[in-house]
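Asks: I'd like to ask some things about the structure below.
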Amino acid sequence: MIADVVFDAPVAHPFSYRVPPGWTVGPGQRVVAPLGGAERLGMVVALRDETNERLKLLLRPADSEPILSPAHLDLVHWIAAQSLSSVGSTCAALLPPPSPIAAGRPLGDEVRSRRAAALPQARPPEASLSESSEDGGGRRAGQAPLGAAAPRPELLIGAGRERRLLERIAAATGPVLVLAADVETSARWAQRLAKLDRVVRLDSGVPEAERCRAWADLAGGAARLATGTRSALLAPLGPDAIVALIDEHEAAHKPPGPPRLHSRDIVLERAARDGFAVTLATPTPSVDMWAAALAGRATLAPSPPAPWPSIAIADTRGILRREPLTPPLARGLRETVAAGRRALLLVSRLTSALACDECGVVIRCEACAIALAYSRAAAALACRLCGRVVPLPEICPACRGRRLTPFGWGAERVEHAVRRRFPNVRVARYDPDAARGARGEAQRAAAAAAAVVIGTRGALRLFGPASLGLVGFVSPDQLLRLPDFRAGERTFALLWASAERLQPDGTLLIQTQHPTHYAFDAVARQDLTVFYKPEVQFRAELGYPPFRRLAVITVRAGAPGDTERTANDVAAALRDAPGTVMYPPAADRRQRARRIVVKGPPELPRLLTPVLAPWRARGAGGRGIIDVEVDPVEWPF
DNA sequence: AGCACGCCGACT
DNA sequence: GTCGGCGTGCTC
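Take 25 as the starting number for the first sequence in our numbering and just add one per residue.
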């Protein structure tokens, strides 16, 4: 017997091994096998009734039985094809690490019969294995395979959505899986569900042994309620399951690395195949899901409007801003603090840059070409990419001008201004991305005790619902102006999330030069449609997702000349791909790579795969120097 | 991805 | 004279 095994590596093909006599392995079971002189964890994708003495032997099973049913193994193939990732990497990202106990013994079969019963053994007949592996991906958010009989996914929106979800779970008798974008949210939901029944956690926030037991308990029926993150997407569930995805709009549902596919897209595809119900709970759905609902592929379940803070706009047009705080925001801060309430100032970035008042040039890193971050405290400029620190220049390198001033309201500048204006108020800066570990904890404690917190969007998680007296958006125009078609969507989500954290008599104050922007209007009127209607129209007119799909191809060869030449070769090949539009290669910020953006129809992955194959294959003529990101969440420029 | 092999610069 | 850089290629 020969087993075809895939590994967590960007290699498209499986590796073949002899199955030692007496073993019973199946497709979907993980094994340890020798590869490249090391013992590596792999996934058996096929078994062949042949033999070849020159092949190496498998070393030991890593799962005591298949962790993926044939149907789910096929789903993994679909995911890999969608995202142009390898099957092995996809398995590695979407499954929990194998149990050390199972890996240590030759073969375990004591739980086999019980567990197999809970796994769906076959896909709906109309969606055959070969069809789905070949299709490379017409289906998008909320698009069920033709003829499948799964209920439509439901978007739980509005106030009280999480309470409603909890009620629904309480009423359910079948298995329930709650999927969160991060471990902390998974933990929070585990606590909530614990009031109903025993809950197991499938995420990395619990010890590994507990995590493994959770999977087995869910499969065997010993546990009915589970929470987890991305590694729980393929957890064993019966067809009567309820699966809930929390905060569907969160970019964290599509973390870096393979498979580059949003958890929402994976869970919707799985639900359509397995025939279970999906609930997406979010304050502000992604535009993709909203459009799916408009097209009838998902249903909206709104709540009646709840108490809402007042929204105030401070129009900054025509005002030369030497101060981050306009008079209305300064007054709001003073009154909020005086009333013993807390305030949050949201800045769009942590740092400011230095620019020349005379010629307008921004001081950039010589090596990386990105704007150097201005620090008043350190009296220096620092590069966020390479770490280089240079003293503040006296004169403009471009025009020799002497008027260099900071621009952009970074957290540090805003903090300085607030402290100067309110010397007796406890002010804290919170930037969770910059400060991790012990320093992060200290910062968190300082922020928890402060009356005024200044931070980027990550600071929102410091505050519960209806806990703030004032949220000030110092300069949301910086967010809106980002060269990213999702800039509006992200700004809107942040505004709405801020409003939900304000007390009903609190105030959301927005300083902007675009006082009539529909994102602000929608929040002010507490009406999602005011934002989504024009946004969906804009996406449709300009051919952006979800109406067209995008892929970003990064080319990086050894020498700069090679990179450029290869990028041009790839671009020439793409120009002939039917139904796609290609934007010519552009240098990335570090000038070390070229990026090519391709727009295309829903089946874009299938169109790209053969065209890019010559560059994606390694060895044997291939170059292995390109990287493909399908459906990017962040615009790369 | 890891890891080995392989050919050119600064040093115990 | 070696140590070590990472460019190229392979792993059943």
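The beta-carbon is built from N, C-alpha and C at its ideal position, and this holds for glycine as well. These numbers were taken from a predicted model, which means no experiment stands behind them.
Who pairs with Q535 in a beta bridge, going by DSSP?
Replies: In the first sequence, residue 535 corresponds to position 511, counting from 1. Answer by DSSP bridge pairing, in chain order: A338.
Asks: Quick check on DSSP: helix, strand or coil for G61?
Replies: As a working mapping, residue 61 is identified with position 37 in the first sequence. DSSP places G61 in coil when its eight states are reduced to three.
Asks: Would you list the one or two residues that DSSP bridges to P415?
Replies: Within the first sequence, numbered from 1, the residue matching residue 415 stands at position 391. P415 is bridged to A404.
Asks: Alpha carbon to alpha carbon, how far is L97 from R321? Give it in angstroms, no decimals.
Replies: Here residue 321 is taken as the residue at index 297 of the first sequence, counted from 1. Here residue 97 is taken as the residue at index 73 of the first sequence, counted from 1. Approximately 25 Å between the Cα atoms of the pair.
Asks: Which residue marks the beginning of the alpha helix (DSSP H) containing Y556, and which one marks its end?
Replies: Position 532 of the first sequence holds residue 556. Start and end: L552 to L566.
Asks: Going by DSSP in three states, Q502 sits in which element: helix, strand or coil?
Replies: As a working note, residue 502 is residue 478 in the first sequence. Looking at Q502 - three-state DSSP - the assignment turns out to be helix.
Asks: If you compare alpha carbons, which of A575, A617, P602 and Y568 is closest to N592?
Replies: Against the first sequence, residue 592 aligns to sequence position 568. The shortest Cα separation from N592 among A575, A617, P602 and Y568 belongs to A617.
Asks: Note down the Cα distance separating A601 from P608, rounded to an integer number of angstroms.
Replies: To locate residue 601, count along the first sequence from 1; it is residue 577. To locate residue 608, count along the first sequence from 1; it is residue 584. If I take the Cα positions, the gap works out to 14 Å.
Asks: Considering only the alpha carbon of each residue, which of E89, A238, E524 and R388 lies closest to R412?
Replies: By 1-based counting over the first sequence, the position of residue 412 is 388. The option with the nearest alpha carbon to R412 is R388.
Asks: Please go through the same chain and pick out, in chain order, the residues whose beta-carbon is closer than 7 Å to the beta-carbon of P352, but skip the five residues on each side of it.
Replies: As a first step, residue 352 is located in the first sequence; it is residue number 328 there, counting from the start. Same-chain partners within the cutoff: A336, A338 and L533.
Asks: Going by C-alpha to C-alpha distance, which of A575, A204 and P489 sits closest to I620?
Replies: To locate residue 620, count along the first sequence from 1; it is residue 596. The option with the nearest alpha carbon to I620 is A575.
Asks: Could you check what DSSP says for M25 in three-state terms: helix, strand or coil?
Replies: Taking the first residue of the first sequence as position 1, residue 25 is located at position 1. Three-state result, M25: coil.
Asks: Does L304 come out as helix, strand or coil in the three-state DSSP assignment?
Replies: Position 280 of the first sequence, counting from 1, holds the residue named residue 304. The answer is strand: DSSP assigns L304 an E or B state.
Asks: If we count Cβ pairs, one from each stretch, closer than 8 Å, do we get three or more for the segment 510–522 versus the segment 445–453?
Replies: At 8 Å Cβ cutoff, the stretches do not touch.
Asks: Have a look at G356 and A441 and give me their C-alpha separation to the nearest angstrom.
Replies: Counting from one through the first sequence, the residue named residue 356 turns up at place 332. Counting from one through the first sequence, the residue named residue 441 turns up at place 417. Computed Cα separation, rounded: 15 Å.
Asks: Please say whether V49 and V56 have beta carbons closer to each other than 7 Å?
Replies: As a position in the first sequence, residue 56 is number 32, starting the count at 1. As a position in the first sequence, residue 49 is number 25, starting the count at 1. It is not a contact, given that the beta carbons lie outside the stated cut-off.
Asks: Whose CA, out of T536, E191 and D264, lies closest to the CA of G198?
Replies: Taking the first residue of the first sequence as 1, we reach residue 198 at position 174. Closest option to G198, Cα to Cα, is D264.
Asks: Do S372 and P430 count as a contact pair if the criterion is CB distance below 7 Å?
Replies: Start at 1 with the first residue of the first sequence, and residue 430 comes out as number 406. Start at 1 with the first residue of the first sequence, and residue 372 comes out as number 348. Contact: no.
Asks: Skipping 5 residues on each side, what residues in its chain have a beta carbon closer than 7 Å to that of L190?
Replies: Here residue 190 refers to the residue found at position 166 of the first sequence. For L190, where only same-chain residues beyond five positions count, the Cβ hits under 7 Å are R216.
Asks: Look at V477 and L405 and say whether their C-beta atoms are less than 7 Å apart.
Replies: Start at 1 with the first residue of the first sequence, and residue 477 comes out as number 453. Start at 1 with the first residue of the first sequence, and residue 405 comes out as number 381. The answer is no: Cβ separation not under 7 Å.
Asks: Could you round the C-beta distance between L179 and P309 to whole angstroms and report it? I think they count as a contact, below 8 Å.
Replies: To locate residue 179, count along the first sequence from 1; it is residue 155. To locate residue 309, count along the first sequence from 1; it is residue 285. Contact holds; Cβ gap of about 5 Å.
Asks: From the DSSP output, which residues share a beta bridge with E662?
Replies: In the structure displayed, the chain extends from 25 to 661; residue 662 sits before or after that span and is not available.
Asks: DSSP state of A475, grouped into three classes?
Replies: If you number the first sequence from 1, residue 475 lands on position 451. A475: coil per DSSP, three-state reduction.
Asks: By Cβ distance, which residues of its chain are closer than 7 Å to M606, with the 5 residues on each side in sequence left out?
Replies: Locating residue 606 in the first sequence gives position 582, where the first residue counts as 1. For M606, where only same-chain residues beyond five positions count, the Cβ hits under 7 Å are A595, L598, R599, I620 and V622.
Asks: Check the DSSP bridge columns for R618 and list the partner residues they point to.
Replies: Your numbering for residue 618 matches position 594 in the first sequence. Paired residue(s): V579 and A611.
Asks: Helix or strand or just coil, what does DSSP make of C115?
Replies: As a first step, residue 115 must be located in the first sequence, where it is residue number 91. Residue state, collapsed to three classes: helix.
Asks: Please name the residue, chosen from T536, P260 and Y398, that lies closest to R248 on a Cα-to-Cα basis.
Replies: Here residue 248 corresponds to residue number 224 of the first sequence, with the count starting at 1. For the residues T536, P260 and Y398, the minimum Cα distance to R248 belongs to P260.
Asks: Note down the Cα distance separating V37 from P638, rounded to an integer number of angstroms.
Replies: As a working mapping, residue 37 is identified with position 13 in the first sequence. As a working mapping, residue 638 is identified with position 614 in the first sequence. A quick correction: the sequence has His, not Val, at residue 37. Roughly 14 Å between the two C-alpha positions.
Asks: Give the straight-line distance between the Cα atoms of H70 and Y556, rounded to the nearest whole angstrom.
Replies: The residue given as residue 70 occupies position 46 in the first sequence. The residue given as residue 556 occupies position 532 in the first sequence. Here the sequence assigns Ala to residue 70, which means His is not the residue at that position. Distance between the alpha carbons of A70 and Y556 is about 46 Å.
Asks: Classify A250 as helix, strand or coil using the three-state DSSP reduction.
Replies: The sequence position of residue 250 within the first sequence is 226, counting from 1. If DSSP states are grouped into helix, strand and coil, A250 belongs with the strands.
Asks: Could you give the distance in angstroms between the alpha-carbon of S113 and the alpha-carbon of I103?
Replies: Indexing the first sequence from 1 puts residue 113 at position 89. Indexing the first sequence from 1 puts residue 103 at position 79. So the two alpha carbons sit approximately 11 Å from each other.
Asks: Using a 10 Å radius around the Cβ and a threshold of 16 neighbouring Cβ atoms, would you call D655 buried or exposed?
Replies: Position 631 of the first sequence, counting from 1, holds the residue named residue 655. So D655 counts as buried.
Asks: First and last residue of the beta strand (DSSP E) that includes I39?
Replies: Position 15 of the first sequence, counted from the start, is the residue given in the question as residue 39. The question names Ile, yet the displayed sequence has Phe at residue 39. From DSSP, the beta strand (DSSP E) with F39 extends over F39 to R42.
Asks: Going by DSSP, what residue range makes up the alpha helix (DSSP H) through I103?
Replies: For the purposes of this step, residue 103 is taken as residue 79 along the first sequence, with counting starting at 1. Run containing I103: P94 to S107, per the alpha helix (DSSP H) assignment.
Asks: Out of V438, V30 and A211, which one is the CA nearest neighbour of T350?
Replies: Walking along the first sequence from the start, residue 350 turns up at place 326. The shortest Cα separation from T350 among V438, V30 and A211 belongs to V438.
Asks: With a threshold of 7 Å on Cβ separation, who are the neighbours of R443 within its own chain once the five nearest residues in sequence on each side are excluded?
Replies: Residue numbering aside, residue 443 sits at position 419 when the first sequence is read from its first letter. The residues are V451.
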